[in-house]
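Each protein sequence line maps, in turn, to chains A and B. Start counting the first sequence at 1; every next residue gets the next number (our numbering). Start counting the second sequence at 1001; every next residue gets the next number (our numbering).
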Amino acid sequence: MTVGEEATDLSRVEIRTGRLRRMWEGTSIIFASRTATIGLIIVLFWLTVAAFAPLLTPYTSLEQDWKAPNQGPSSAHFLGTDELGRDLWSRLIYGARIVLLVLPISEKLWIPGGTALWGVFAALIVGMTLGLVSGYYGGWIDEIVMRLLDAMMAVPVILLYLIIMTALGASALNVVIAVTIVGTPGIARLVRSLTLDIRTREYIRASETRGESAWYIMFVEILPNARGPIIVDAMLRVGYAIFAMGTLGFLGLGLPPPSPDWGSMVAKGQEFILAGSPWAALWPSVAIASLVVGLNLLADGLREESMRYQ
Amino acid sequence: MAKFIVRRVFLLLLTMVLVSMAVFLITEASPGNVARNVLGAFVTPEQEASFLAQMGLDKPVYIRYLYWLIGSDWHASRKVGLPLKRITTEKDFEEWWAVREDGALIRWKLQGEDLIAIVRFADGTATEYTNNERWQKDKAGVSSFWGVATQNHVVRLEKGSDKKIWTFVVGTGWMETTGGPVEYIPLKKGFIRGDPGLSLRTGRPVAKSLFIRLRNSMVLAGIAFVIVMPLALFFGVIAGLKEGGIRDRILSIGGMMFSVIPEFVTGIFLILIFGVWLGLVPGATVFGEKAPWERPDMLVLPVLTLTLIELGYVLRITRASMVEVMRSPYIRTAFLKGLPYWRIVLKHAVRNALMAPITVIMLHVNWLMGGIVIVEVVFGYPGLGKYLLESALYKDINALEAGAMILVIVAVGTQLIADIIYTFLNPRIRYM
Chain A
1 MTVGEEATDL SRVEIRTGRL RRMWEGTSII FASRTATIGL IIVLFWLTVA
51 AFAPLLTPYT SLEQDWKAPN QGPSSAHFLG TDELGRDLWS RLIYGARIVL
101 LVLPISEKLW IPGGTALWGV FAALIVGMTL GLVSGYYGGW IDEIVMRLLD
151 AMMAVPVILL YLIIMTALGA SALNVVIAVT IVGTPGIARL VRSLTLDIRT
201 REYIRASETR GESAWYIMFV EILPNARGPI IVDAMLRVGY AIFAMGTLGF
251 LGLGLPPPSP DWGSMVAKGQ EFILAGSPWA ALWPSVAIAS LVVGLNLLAD
301 GLREESMRYQ
Chain B
1001 MAKFIVRRVF LLLLTMVLVS MAVFLITEAS PGNVARNVLG AFVTPEQEAS
1051 FLAQMGLDKP VYIRYLYWLI GSDWHASRKV GLPLKRITTE KDFEEWWAVR
1101 EDGALIRWKL QGEDLIAIVR FADGTATEYT NNERWQKDKA GVSSFWGVAT
1151 QNHVVRLEKG SDKKIWTFVV GTGWMETTGG PVEYIPLKKG FIRGDPGLSL
1201 RTGRPVAKSL FIRLRNSMVL AGIAFVIVMP LALFFGVIAG LKEGGIRDRI
1251 LSIGGMMFSV IPEFVTGIFL ILIFGVWLGL VPGATVFGEK APWERPDMLV
1301 LPVLTLTLIE LGYVLRITRA SMVEVMRSPY IRTAFLKGLP YWRIVLKHAV
1351 RNALMAPITV IMLHVNWLMG GIVIVEVVFG YPGLGKYLLE SALYKDINAL
1401 EAGAMILVIV AVGTQLIADI IYTFLNPRIR YM
């Protein structure tokens, strides 16, 4: 009896180490590629400063110092100040929070998970469901869903953004909705093509024979086996979402004013470039560029490495 | 093939109808209204109502959509009882007139209790006479009359009406008059008959300002395209020659960086470097009445921004395609035959490698348009994208619809062209 217990214990330990090893192997793919490592470092940098924002600066993102507007970097203000004397470093890292860590739904209510991440997440949910359903069922459902998505993809993205944002008004939640609507067709197509491939495998036949429901097969059998390409695609999409957030903010359609939105910081700062204070436009530009490039390096490196293993 | 093209054109039309309806409905549903945007926040409700009536904005949304799509003159003409005609005057204004039974052009106005008819002659001169016999009495005993008024409206005038109207003249302000028309139908030919209507923001025909904006955008995109294509294809081929080599790494990471950084960020960097610190070229575009090509120095930075973004994208596509070709068996065969390296590259590989990029680039036009909008906003370039953004923010529905339709035509049209080119490049593909 004791022997038997020991055996089960051992196997449990083995399972656990197996899982740990698998996780380690998963992350070691990143470190195997220099591109992915650099990307990861950049992304981790922004995640860290966003998480510890209050500890990293003595100012808040809204605090105005009317005696020192439009200044260059100094000992008091690490990166300088904007036209209202707000500390640029503080605005930058609180801005990173909005992108990566929190979604400000209203002034009181902030939910965890950044605006860009929520956009991609919602697009993933909708896109995956549509892709799975139309790929698995096929037939007229597939035809209708795909034709509708084709029509959506034919509309220029910028036009979609413009119409959606002017209609809904500028707020973080509406940015999420816009990113979702724009991102859905691409994800649905990807998932559909993966589903068409996986649907023919034998384990799907097996679970159909077992009498599993269609939803079980789609979400428990097919989806986990399609995760690789979806994860890489999602990572790229977070980059697009940050791109889109910045662009919307720059056009004045993003988050409403006092919030430290990178895009609108650039738009405001641009007015003062020719007046001799480029800092307010420069730093948020650097921030967006580095974060987007970091995410793309990470995704590119991951894709290259995983293709090598195949 | 013909069937395929017909189907795609049908898809284009369907997309246009759907988008135009969506734009109408969404603009309708969204907060704020155009009257406040044009007139400012300090209008009285009466002034606002009068303005909305004159612009035809008080009508239900489906009627406005119909008027926008197929015009309002046929409907108005039935009310007047005479055919209507649009003419262009010597001063290049567009005017609507009714055609009288004997063929003369006629309009009406109200003077006190009297209905005055204005008749226009071919040389542009006009005479007036009292035309009270056209009043029509209804059952309640009110005399009313449907006719063409001087502001390109078809209006219903009522005898003895003391209705106050306010006319807003851009630059001058309000004109208050009494005894004005009771109902208005603004005259237009409708989008499918080539008249996108008046811009609510400027009061000028959309077609005129849109044409100039479209031309400016085409100049910008055209120059960028001419610079990007050879460069990107060249560098893409170089990078794809040896996958993983040092040239490949530098070119593909550089290309990736330029293509994923938002256009406005690239634009800001370029303005800072070339406009401010080096002071070589202006960091903004101010053309005034001039055409863009008359100030080439101002075009440098917008074109450069677009070039960098597109360069990265096309380069990556070309590289991927080149890498694939270089791996294929027939290239290995060519190497094993002992053909000279450059001959293999130029004669065997490049030809096949350039097929994918050409079609992918056409599909990319959709994104390119987004890039143009941003670049135009960054540099204050008076192009279509900026016009569209301003119209959307202003709820200038006629301008917004016209701009949106152009974007959809360009996007879907280029996709169609890409598909057709592809069948020529790759005869194995047949569209059913």
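Every residue, glycine too, gets a C-beta built ideally from N, C-alpha and C.
Where residue i falls: helix, strand or coil (DSSP)
{"i": "Ala1117(B)", "result": "strand"}
{"i": "Ala1221(B)", "result": "helix"}
{"i": "Lys1091(B)", "result": "coil"}
{"i": "Lys1137(B)", "result": "strand"}
{"i": "Ala281(A)", "result": "helix"}
{"i": "Phe1145(B)", "result": "strand"}
{"i": "Ile30(A)", "result": "helix"}
{"i": "Pro1186(B)", "result": "strand"}
{"i": "Ile1261(B)", "result": "coil"}
{"i": "Glu1243(B)", "result": "coil"}
{"i": "Ser1129(B)", "result": "First, the residue type needs correcting, since residue 1129(B) is Tyr and not Ser in the sequence shown. Here Tyr1129(B) sits in strand by DSSP."}
{"i": "Val102(A)", "result": "strand"}
{"i": "Met1432(B)", "result": "Confidence in Met1432(B) is poor, its pLDDT being 46 and thus under 50, which makes the residue's placement unreliable; the coordinate value appears in the next sentence. The answer is coil: DSSP assigns Met1432(B) none of H, G, I, E or B."}
{"i": "Trp66(A)", "result": "coil"}
Beta carbon proximity, residue i to chain A, threshold 8 Å
{"i": "Ser1077(B)", "result": "no"}
{"i": "Ser1030(B)", "result": "yes"}
{"i": "Trp1367(B)", "result": "yes"}
{"i": "Met1257(B)", "result": "yes"}
{"i": "Gly1312(B)", "result": "no"}
{"i": "Thr1015(B)", "result": "yes"}
{"i": "Ala1356(B)", "result": "no"}
{"i": "Ile1005(B)", "result": "no"}
{"i": "Met1432(B)", "result": "Below a pLDDT of 50, predicted positions are generally treated as unreliable, and Met1432(B), at 46, falls in that range; no measurement from the model is reported."}
{"i": "Gly1254(B)", "result": "no"}
{"i": "Ala1446(B)", "result": "Because chain B spans 1001 through 1432 in this model, residue 1446(B) falls outside it and cannot be assessed."}
{"i": "Ile1026(B)", "result": "yes"}
{"i": "Ala1453(B)", "result": "An answer regarding residue 1453(B) cannot be provided, because it is not within the stretch 1001 to 1432 covered by chain B."}
{"i": "Val1019(B)", "result": "yes"}
{"i": "Gly1283(B)", "result": "yes"}
Residue nearest to residue i in terms of C-alpha spacing, selected from the options
{"i": "Glu1133(B)", "options": "Thr1127(B), Ser1143(B), Arg1215(B)", "result": "Ser1143(B)"}
{"i": "Phe250(A)", "options": "Thr60(A), Ile158(A), Phe121(A), Ala226(A)", "result": "Ile158(A)"}
{"i": "Ala51(A)", "options": "Ile93(A), Phe78(A), Ser61(A)", "result": "Ile93(A)"}
{"i": "Leu993(B)", "options": "Trp1074(B), Gly1267(B), Asn1131(B)", "result": "For residue 993(B) there is no data in the structure shown, the boundaries of chain B being 1001 and 1432."}
{"i": "Leu1210(B)", "options": "Phe1093(B), Val1412(B), Ala1404(B)", "result": "Ala1404(B)"}
{"i": "Glu1310(B)", "options": "Val1219(B), Glu1324(B), Ile1261(B), Ala1291(B)", "result": "Ile1261(B)"}
{"i": "Gly1371(B)", "options": "Trp1135(B), Ala1221(B), Val1281(B), Asn1037(B)", "result": "Ala1221(B)"}
{"i": "Ser259(A)", "options": "Asn225(A), Trp279(A), Ala172(A), Trp283(A)", "result": "Ala172(A)"}
{"i": "Tyr1330(B)", "options": "Ala1320(B), His1348(B), Thr1318(B)", "result": "His1348(B)"}
{"i": "Ala1399(B)", "options": "Gly1081(B), Val1410(B), Thr1202(B), Asp1114(B)", "result": "Thr1202(B)"}
{"i": "Asp82(A)", "options": "Arg308(A), Leu295(A), Gly276(A)", "result": "Gly276(A)"}
{"i": "Lys1386(B)", "options": "Ile1374(B), Lys1395(B), Phe1274(B)", "result": "Ile1374(B)"}
{"i": "Ile204(A)", "options": "Arg192(A), Ser213(A), Leu196(A), Ile217(A)", "result": "Ile217(A)"}
{"i": "Leu100(A)", "options": "Ser106(A), Gly113(A), Lys108(A)", "result": "Gly113(A)"}
{"i": "Thr184(A)", "options": "Val220(A), His77(A), Ser213(A), Phe121(A)", "result": "Phe121(A)"}
Bridge-paired residues (DSSP) for residue i
{"i": "Arg1107(B)", "result": "Ile1118(B)"}
{"i": "Trp262(A)", "result": "In DSSP, Trp262(A) forms no bridge with anything."}
{"i": "Lys1085(B)", "result": "Trp1097(B)"}
{"i": "Ala1291(B)", "result": "Answer by DSSP bridge pairing: none, since Ala1291(B) is not bridged."}
{"i": "Arg1156(B)", "result": "Trp1146(B), Glu1183(B)"}
{"i": "Met1175(B)", "result": "Thr1167(B)"}
Test: residue i CB closer than 8 Å to a CB of chain B
{"i": "Thr166(A)", "result": "yes"}
{"i": "Ile144(A)", "result": "no"}
{"i": "Val293(A)", "result": "yes"}
{"i": "Ala289(A)", "result": "yes"}
{"i": "Gly239(A)", "result": "yes"}
{"i": "Thr247(A)", "result": "yes"}
{"i": "Met1(A)", "result": "Low local confidence applies: a pLDDT of 42 at Met1(A) is under 50, so the model's placement there is unreliable, with the coordinate-based value given in what follows. Not one chain B Cβ lies under 8 Å of Met1(A)."}
{"i": "Gly39(A)", "result": "no"}
{"i": "Asp233(A)", "result": "no"}
{"i": "Val155(A)", "result": "yes"}
(request) For the segment 253-273 of chain A, enumerate the residues whose C-beta is nearer than 7 Å to any C-beta of chain B, in chain order. (result) Listed in sequence order: Val266, Gln270, Ile273.
(message) Short of 9 Å Cβ to Cβ, which residues in the segment 1404-1419 of chain B face chain A?
(response) Listed by position along the chain: Ala1404, Leu1407, Val1408, Val1410, Ala1411, Val1412, Gln1415.
(request) For the segment 1261-1278 of chain B, enumerate the residues whose C-beta is nearer than 7 Å to any C-beta of chain A, in chain order. (result) Correct list: Ile1261, Pro1262, Phe1264, Val1265, Ile1268, Phe1269, Ile1271, Leu1272, Val1276.
(request) With 9 Å as the C-beta to C-beta threshold (strictly closer), list the residues of the segment 159-184 of chain A near chain B in chain order. (result) Within the segment 159-184 of chain A, Leu159, Tyr161, Leu162, Ile163, Ile164, Met165, Thr166, Ala167, Leu168, Gly169 place their CB atoms closer than 9 Å to a CB of chain B, listed in sequence order.
(request) Output, in sequence order along the chain, the residues in the segment 1366-1389 of chain B whose CB is closer than 8 Å to any CB in chain A. (result) Taking 8 Å as the cut-off between beta carbons, the residues of the segment 1366-1389 of chain B near chain A are Asn1366, Trp1367, Met1369, Gly1370, Val1373, Ile1374, Val1377, Val1378, Gly1385, Leu1388, Leu1389, in sequence order.
(request) Scan the segment 1304-1337 of chain B for residues whose Cβ lies nearer than 9 Å to a Cβ of chain A and list them as they occur along the chain. (result) Per Cβ criterion, the list is empty.
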